[in-house]
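Inspection log for the structure reproduced underneath, given as structure tokens.
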């Protein structure tokens with residue numbers, strides 16, 4: 195189900211312009227709509243390992259990320275980017291920014307885990 199702005203009820207106001215409360219059935223309908231509409235989007239940063247001739251021979255996920263918010267303005271990334279046991283986590287302005295900073299000179303690619311929401 196793709197939630198759009200049309201799925202949300204109008205905010206109720208009285209004749210004096212004061213906001214009225216939602217009814218319990220409206221809240222029961224809104225909670226799952228809000229959950230779906232504002233759910234974080236998942237992505238992975240995948241490193242491609244190459245042999246001496248530049249041919250790809252392995253792929254691994256070096257970090258997972260969540261885009262929190264609708265405008266790609268808050269990204270949280272966590273993982274093991276250097277293959278060690280030292281976990282990394284950070285916040286970035288966008289998934290592309292996280293990719294640019296974490297890849298360094300390596301061949302690292304961003305892949306959205308939920309392509310239909312990307």
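In my numbering, the protein residues as written are 195 to 312.
Don't be surprised by glycine CBs; every beta carbon is placed ideally from N, CA and C.
query                                                                                                                                      : result
According to the Cβ coordinates, are residue 301 and residue 244 closer than 8 Å?                                                          : yes
Look at the Cβ atom of residue 254, then the Cβ atom of residue 303, and state whether they are nearer than 8 Å.                           : no
Starting from residue 270 and walking both ways along the beta strand (DSSP E), at which residues does that stretch end?                   : 269-273
Using the C-alpha atoms, what's the distance from residue 203 back to residue 299?                                                         : 49 Å
To which residues of the same chain is residue 224 closer than 8 Å at the C-beta, ignoring the five residues directly before and after it? : 202, 203, 216
Tell me the residue span of the alpha helix (DSSP H) that contains residue 225.                                                            : 218-231
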